[in-house]
Structures are given as structure tokens and as C-alpha cells.
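Structure first, then comments.
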Amino acid sequence: MVQPGVFDNCYGWYRRAIIWLGPFGTLYLLLTKSTLVFNRRVVTICLEGLYYVFVLAFIVVGATLRDINLLFVLAGMMMGPLLFNWRLVVLAVRRLEVARRLPAQVFAGRPFLVEIHGENQRKHLGSSMLVVEDAIATETADEGASVNGAKASVKVMLPYIPASQSRKTTYRVTLPRRGKYRFGPLKAFTRFPLGLVKATARFRQYERVVAFPRLGRLAPQWTKLLESDRYGRHQVHSRQGPIDGDYYGLREWRPGDSKRWIHWRMTAKLGKLAVRQFEQQQNRDLALVLDLWLPNEPTDEDIGRVEFAVSFAATLVDELARRGGSQLMIASAGSRTGCWSAKATAVFARQTLERLAVVRASSNDRLAEVLARVLADVPMGTQVAVISTRSTTLDSVCDSSIFVDKPRHQRSLERVIWLDVNDSRVWDVFQLD
């Protein structure tokens, strides 16, 4: 039989151990950054939880000093919601998977949707009030660079994900400028239901996207500019073809011709079937040179002219690729020189837009070098156009030492179209929203 004094002594030590371990163990947790890490999950006490623990510790200290049993009971009752909230948030992010889905093409200045998918892989217990945070950071244009620029974060909510099911939500984002961007990492956290403890799950999902240059609109004056004789443009030859276009002439009936093409009045007059024939326009090959020059100390207007020139070139490539049937050559004279050509297809347009997205201007004058390479590679009859960010003329290019001993290239320069983005007349050709 246990004596009453021994029982009271053991009960007193047990009661003090339980009460002191809870609040002061929690205080120790607060002093160590209030964080517990379980693999990818991080459990943190919220600001409201700090207030709650402070009140709990105050009650425990008062109960211990005054030896008031009612305060011990109150402290035990207050520890229940704190432990319940901690356990529930930990279970909410356990076996939770979050993924991101980006569109195939992204253009600067044009909003697009990003899908966030959340999957609850538990067989029991759903996840409530999940907040998913995504980070967006700019990257330098140099290949292999890991230094990030401006950063931004986006938060979306998944109200409830049932067990063994998935839910998705979207958020709209607009990238301000062309270039490379990195999305990630993803974080999902919840404070449901009491908001005292927060559990966060981190997902190392990084995705890189290239924002294409802004696209504008080409005015009808662009076609007239290419067809003008004062730039040495050869006349567009017309070919007879089955594509409905401008009326070209008449010819005799051939097997396979459509009945809609029969000209009945001429058929009655000639006594034999006569059909209409239409002209099929022959697309002209184009070589586009992008002269991206900046002064040593550029202003905002100088940078704006560079972006305008890049958007002009991107719009031309996109428009000609939609039409198809022509050969395109693109050359850039900036911090890096490059020249590439292919048929005007959707694949070539995408590759060109990716290159234009990361092209950079330079204070070095490399226009004569790039233009000489283009004139040496393009076939006869190809129209050459230069989009430049500086108010200069082709006379300065002709005076370059590269063209002194090349009279053939000097004659070709007379047919080059010079488009200066500083000239207000360029707005009659290209309009940027």
C-alpha cells in the first residue's frame, strides 16, 4: 500500500513535468526560429500562435507560482487546440504533390494563364485551404549565367482537395519585357483550421521560359514599300495557278478543272469550253538585317528604340511565316552577330523569335560587317531591308573599308531598304500596341 505522502509527491512531480514540458518546450521551439523540418515539410508557429503560446506560458507560470489547480486545468485545455492544429496541418501537406503547367509560347506584354495542379495522394483526409506560392525571376541573357534579376511571387488558393483526387487553379501573369524567365520553386502551405500553426511543403520544380518580343501590326504601306521601284524592287511575276486570286485570263478546258471556273459567255461565243484562270502571287524572298546600336550611356529613349526595332523584326518574321512560301534570312548586328536563313515556316519563326528574345544591343558598329556577309550570301533578286536604331544613311556604310573593293556589293546597297526607327514615317509601316 502506497503512503499518501509518497503518492502526493509522485503526482506533484508528474504534474509539473507535463505542464513545464509543454509550454517551455514550445518556448524553446520559438527561440530556435519557430521551425520544425520534416523532409520537405516545414512547420512554423504563426504570429497568432506566438500570442497564444505567450498567454499559455503566462497561465502556466502563474499556476506554478500560486499552485492553483484551476489554472493547470485551463493550461491543459489550451494546449489541446495548439496540438490539434499542429497535427492537422502536418497531415494536410503529407503526400501532397503540386505541379505547374506553362503555355507553349509566351509573348512579352501579352497576358497568359499558368495552371497549378494539386494532387492529394492520401487515401483518407482531404487538404483544406491550401495556398500555393510560385516565384518568378528574370535571368540574364548570357548562356550559362545563374544570376537572377528582379523577382516576384504569386499566390493562389486551392480551397479543398479530396483524398485520392486532384484539383487545379490558374493565375494570370504578364511578363513586361522579352528575355528569359525562371518559374519556381513551388510552395504549398496551410493554416487551417485555427491559424496557429502553419505547415509548408516545398517542391523543387523549376521551369524556364523565353518571352518572345512584343508583336505589333504591319500596315498595308509595308507591301507597297517592298514593291516600290525606287528601291530596285523587281516586278512581281504572275503565274497561272488554280488558287482563286485576281482574274488573269481565259484558257481552254482541261481535265480536272472545276466547273465553277467555266466562262459561259466565252464558251458560247467560241463554241468550246473556256475557263477562267487566276494569277498566283509569287512571294518575294527577304533578307532582314537588324542593326541594334546603343550609345555608351544610353537613355530610356535609346532602350525603347531598341525594343521597337526588335518588335518590328519579330512581327515581320511572324507575318511572313504565316503566309509561307518565301525564303527568309535574318541577321543581327548587336553585342553578338549572327545570320540564319530558312524557309518561312512556323518552326523557323519560333526559332527566330527565341533568338530575338535574347538579342542585345551594343555600342560597337558592326553593321558593315554583317551587311557585307548578307549581300554575299543572298541570291539574286532577294530584297534586303535594314532596321536600324540610329539616324544614319547607307552612304556611311558604303564608305566603309569593307565595301571599297567590292563594287558589286556597292551596287546592291542601292536597292537596300533603310528603316530608321527614329523616323516618324516608320509608324506608317509598323504600329506597336
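Going by this note's numbering, the first residue of the sequence shown is number 1405, and it counts up by one from there. From the three backbone atoms N, C-alpha and C, an ideal C-beta is built for every residue, glycine too.
With a threshold of 8 angstroms on Cβ separation, who are the neighbours of residue i within its own chain once the five nearest residues in sequence on each side are excluded?
i: residue 1778; result: 1691, 1693, 1733, 1735, 1743, 1788
i: residue 1767; result: 1697, 1698, 1699, 1700
i: residue 1578; result: 1513, 1514, 1515, 1516
i: residue 1596; result: 1492, 1493, 1496, 1532, 1533
i: residue 1749; result: 1725, 1728
i: residue 1459; result: 1482
i: residue 1654; result: 1667, 1670, 1678, 1679, 1680, 1681
i: residue 1452; result: 1599, 1600
i: residue 1594; result: 1493, 1496, 1497, 1531, 1532, 1533, 1534, 1535, 1602, 1603
Kindly identify the DSSP beta-bridge partner or partners of residue i.
i: residue 1736; result: 1694, 1742
i: residue 1521; result: 1503, 1572
i: residue 1537; result: 1559, 1591
i: residue 1487; result: Bridge partners of residue 1487: none, in fact.
i: residue 1583; result: 1615
i: residue 1656; result: 1678
i: residue 1760; result: Looking at the DSSP assignment, residue 1760 forms no beta bridge with any residue, so it has no partner.
Might you give, ordered along the chain, the residues of its own chain that have their beta carbon closer than 6 angstroms to the beta carbon of residue i, omitting 5 neighbours on each side?
i: residue 1612; result: 1586
i: residue 1739; result: 1764, 1766
i: residue 1509; result: none
i: residue 1614; result: 1584, 1758, 1761
i: residue 1710; result: 1696, 1765, 1793
i: residue 1746; result: 1752
i: residue 1561; result: 1535
Take residue i as the anchor and find which of the options has the nearest alpha-carbon.
i: residue 1662; options: 1669, 1678, 1673, 1672; result: 1678
i: residue 1666; options: 1672, 1516, 1680; result: 1680
i: residue 1557; options: 1567, 1566, 1576; result: 1576
i: residue 1762; options: 1511, 1458, 1574; result: 1511
i: residue 1841; options: 1555, 1668, 1722; result: For the chain, the structure presents residues 1405 to 1837; residue 1841 sits outside this window and is missing.
i: residue 1830; options: 1473, 1625, 1453, 1755; result: 1625
i: residue 1629; options: 1676, 1790, 1502, 1454; result: 1790
i: residue 1786; options: 1741, 1754, 1689, 1823; result: 1689
i: residue 1486; options: 1563, 1449, 1527, 1507; result: 1449
i: residue 1730; options: 1563, 1783, 1620; result: 1783
Got a sec? Which residues, its chain only, sit under 7 angstroms from residue i by beta carbon, not counting five neighbours each side?
i: residue 1712; result: 1825, 1836
i: residue 1827; result: none
i: residue 1874; result: Residue 1874 lies beyond the residue range present for the chain, which begins at 1405 and ends at 1837; the question has no answer from this structure.
i: residue 1478; result: 1463
i: residue 1706; result: 1698, 1699
i: residue 1608; result: 1589
i: residue 1832; result: 1623, 1625
So is residue i buried or exposed if we call it buried at 16+ other beta carbons inside 10 Å?
i: residue 1456; result: buried
i: residue 1436; result: Residue placement at residue 1436 is poorly supported in this model, since its pLDDT is 47, which falls under 50; the coordinates still yield a value, given next. With fewer than 16 Cβ atoms within 10 Å of its Cβ, residue 1436 is classed as exposed.
i: residue 1524; result: buried
i: residue 1602; result: buried
i: residue 1475; result: buried
Under the assumption that residue i contacts residue j (Cβ atoms under 8 angstroms), give the Cβ distance between them as a whole number of angstroms.
i: residue 1604; j: residue 1445; result: 7 angstroms
i: residue 1834; j: residue 1719; result: 7 angstroms
i: residue 1592; j: residue 1500; result: 6 angstroms
i: residue 1520; j: residue 1573; result: 5 angstroms
i: residue 1505; j: residue 1538; result: Actually they do not touch by this definition, with Cβ atoms about 12 angstroms apart.
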